[in-house]
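> In our numbering, the protein residues as written are -5 to 386. Glycine included, C-beta positions come from ideal geometry on N, C-alpha and C. In this text the structure is predicted, and so the values were computed from the model without any measurement.
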């Protein structure tokens, strides 16, 4: 182990020396690099990019991708491959780096650069202290904690998120109380209608069919899939007086498990490779999840969301919650019988009241203007001619 740590330290210092060579290139004040967690054109970063282009803000935009030919990127969007010389060049010559799940700890920050974290989940549900949980080495832990201190701004979806994120990470950034840029879509009727048409056309879903989306949070391979698809679709049809098709969005292991347990006559579509989750949510009539923050996003539509948490006890011990699960506004089931009962007893009026109270309790900042406000911040940084208010 000591030998491994020694060589790891040598590699870190060697990489650090190499990266510092890029200091010979000046920072370009009007250049932005988007650094998405999975390298795709998605999440908050996508919606910020679209707003910048819509407003024709005179800046240079580059993206970081995991490969040389990523089909998620629209024509005209320039991107460079992760860990390539080109990526390092654009990283260290951009005045603004925008990301949604932290940055590699070995990427240092130059004086004159601004780091903006949009995060990738709204609300304040499961704890996020796992960012440090699996780090055993003392020096690695110190580096991880210092890495968070590089961040200048962080987007916040609600008051409670600001509070708990500070507690979980010790971050000293300025929190922007603007809501999540990706959630602006739920306040834009035209974008919503476009998403509905796009999803239904792509998967050939008839207009008379309701769409139920099953989107559990990420797990390791220990999760057991026991949701009874037949009972689910039958109970939904009885309660909402229409037939439904089930879309499944999950990591490959769980999606494979779901389809293996389904009967041939059941209508299922795997949408795990559909990049933009917000478009799927916009097209969805009913959402089923467990602990995924997509429930926060979907709550902005006012449509029914059901929680199916068959591993609640073990998940609670492993992660715990910032907001107790019994305070969530969504009907909770731990088994198939409870799930069917929740669907049968669903009351839309009571549900909408609980959603309203939930947004009030967490102090929601969502109002459909997050992307617009991010553009103002970017303009202020690049052109240094505006003041942007934030919450420290």
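1. So which of 264, 243, 296 has the shortest CA-CA distance to residue 279?
2. With distances taken from CA atoms, which of 340, 58, 106 is nearest residue 78?
3. Does the count of Cβ pairs from the stretch 43 to 58 and the stretch 111 to 125 closer than 8 Å reach three?
4. Got a sec? Which residues, its chain only, sit under 6 Å from residue 231 by beta carbon, not counting five neighbours each side?
5. Along the chain, where does the beta strand (DSSP E) that runs through residue 152 open and close?
6. Quick check on DSSP: helix, strand or coil for residue 179?
7. At which residues does the alpha helix (DSSP H) containing residue 306 begin and terminate?
8. Among the candidates 51, 47, 74, whose CA atom is the shortest distance from the CA of residue 60?
9. Quick check on the burial criterion: 16 or more other C-beta atoms within 10 angstroms. Buried or exposed for residue 164?
10. Quick check on DSSP: helix, strand or coil for residue 327?
11. Give the straight-line distance between the Cα atoms of residue 51 and residue 67, rounded to the nearest whole angstrom.
12. Short of 7 Å in beta carbon distance, which residues of its chain neighbour residue 23, apart from the five on each side in sequence? Order them along the chain.
13. Of all Cβ atoms in chain C, is any one closer than 7 Å to the Cβ of residue 211?
14. To the nearest angstrom, how far is it from the Cα of residue 307 to the Cα of residue 188?
15. Beta-carbon separation of residue 16 and residue 82 under 7 Å?
16. Going by the CB atoms, is the gap between residue 176 and residue 37 shorter than 7 Å?
17. Pull up the distance between the alpha-carbon of residue 122 and that of residue 181, whole angstroms please.
18. DSSP three-state label for residue 376, please.
19. Runs of 3 residues minimum, wholly inside the stretch 22 to 65: which ones carry the beta strand (DSSP E) assignment?
20. On the CB-based measure, 16 or more other CB atoms within 10 Å of its CB, does residue 96 come out buried or exposed?
21. Just the Cα atoms here: how many angstroms apart are residue 8 and residue 98?
22. Taking residue 87 and residue 140 to be in contact with their CB atoms under 8 Å, please state how far apart those CB atoms are, rounded to whole angstroms.
23. Have a look at residue 342 and residue 91 and give me their C-alpha separation to the nearest angstrom.
24. With contact counted as at least three CB pairs below 8 Å, one residue from each stretch, are the stretch 320 to 340 and the stretch 218 to 227 in contact?
25. For residue 75, which residues does DSSP report across the bridge?
Looking at the atomic coordinates:
1. Locating residue 279 in the chain shown gives position 285, where the first residue counts as 1. Closest option to residue 279, Cα to Cα, is 296.
2. Sequence index remark: in the chain shown, residue 78 carries index 84 (1-based). When each option's Cα is compared against that of residue 78, the closest is 58.
3. Output reads no: the stretch 111 to 125 does not touch the stretch 43 to 58.
4. Translated into positions along the chain shown, residue 231 becomes position 237. 237.
5. Taking the chain shown and counting its residues from 1, the one referred to as residue 152 is at position 158. Counted as a single uninterrupted DSSP element, the stretch harbouring residue 152 is not any beta strand (DSSP E), since DSSP gives it neither H nor E.
6. Counting from one through the chain shown, the residue named residue 179 turns up at place 185. Here residue 179 carries a helix assignment [DSSP, helix/strand/coil].
7. As a position in the chain shown, residue 306 is number 312, starting the count at 1. 306 to 312 is the span of the alpha helix (DSSP H), which, as asked, contains residue 306.
8. Stepping through the chain shown from its first residue, residue 60 is reached at position 66. Nearest Cα to residue 60 within the set 51, 47, 74: 74.
9. Position 170 of the chain shown, counted from the first residue, corresponds to residue 164. Classification of residue 164: exposed, given that the 10 Å Cβ count is below 16.
10. Within the chain shown, the letter at position 333 stands for residue 327. Secondary structure of residue 327 (DSSP, three-state): strand.
11. Position 57 of the chain shown holds residue 51. Position 73 of the chain shown holds residue 67. The alpha-carbon atoms of residue 51 and residue 67 are separated by roughly 19 Å.
12. Working through the chain shown from its first residue, we reach residue 23 at position 29. Within the same chain, residue 23 has close Cβ partners 89, 376.
13. The displayed structure is made up of one protein chain only, and chain C is not part of it.
14. As a working mapping, residue 307 is identified with position 313 in the chain shown. As a working mapping, residue 188 is identified with position 194 in the chain shown. The C-alpha of residue 307 lies about 40 Å from the C-alpha of residue 188.
15. In the chain shown, counting from the first residue as 1, residue 16 sits at position 22. In the chain shown, counting from the first residue as 1, residue 82 sits at position 88. Yes, these two residues count as a Cβ contact at 7 Å.
16. Within the chain shown, residue 37 is the residue found at index 43, counting from 1. Within the chain shown, residue 176 is the residue found at index 182, counting from 1. Contact: yes.
17. For this step, residue 122 is matched to residue 128 along the chain shown. For this step, residue 181 is matched to residue 187 along the chain shown. Counting only the Cα atoms, residue 181 lies some 28 Å from residue 122.
18. Here the question's residue 376 lines up with position 382 in the chain shown. Note: residue 376 maps to helix in three-state DSSP.
19. Runs of the beta strand (DSSP E) inside the stretch 22 to 65: 22 to 29, 54 to 59.
20. Translated into the one-based positions of the chain shown, residue 96 becomes position 102. Within 10 angstroms of the beta-carbon of residue 96 lie 16 or more other beta-carbons, which makes it buried.
21. Residue numbering aside, residue 8 sits at position 14 when the chain shown is read from its first letter. Residue numbering aside, residue 98 sits at position 104 when the chain shown is read from its first letter. Rounded to whole angstroms, the separation of the alpha carbons of residue 98 and residue 8 is 16 Å.
22. Locating residue 87 in the chain shown gives position 93, where the first residue counts as 1. Locating residue 140 in the chain shown gives position 146, where the first residue counts as 1. The beta-carbon distance between residue 87 and residue 140, rounded to whole angstroms, is 23 Å. This is too long to meet the 8 Å contact definition.
23. Mapped onto the chain shown, residue 342 falls at position 348. Mapped onto the chain shown, residue 91 falls at position 97. Spanning the two alpha carbons is a distance of roughly 42 Å.
24. Yes, they touch.
25. As a first step, residue 75 is located in the chain shown; it is residue number 81 there, counting from the start. Residue pairing by DSSP places residue 75 opposite 59 in a beta bridge.
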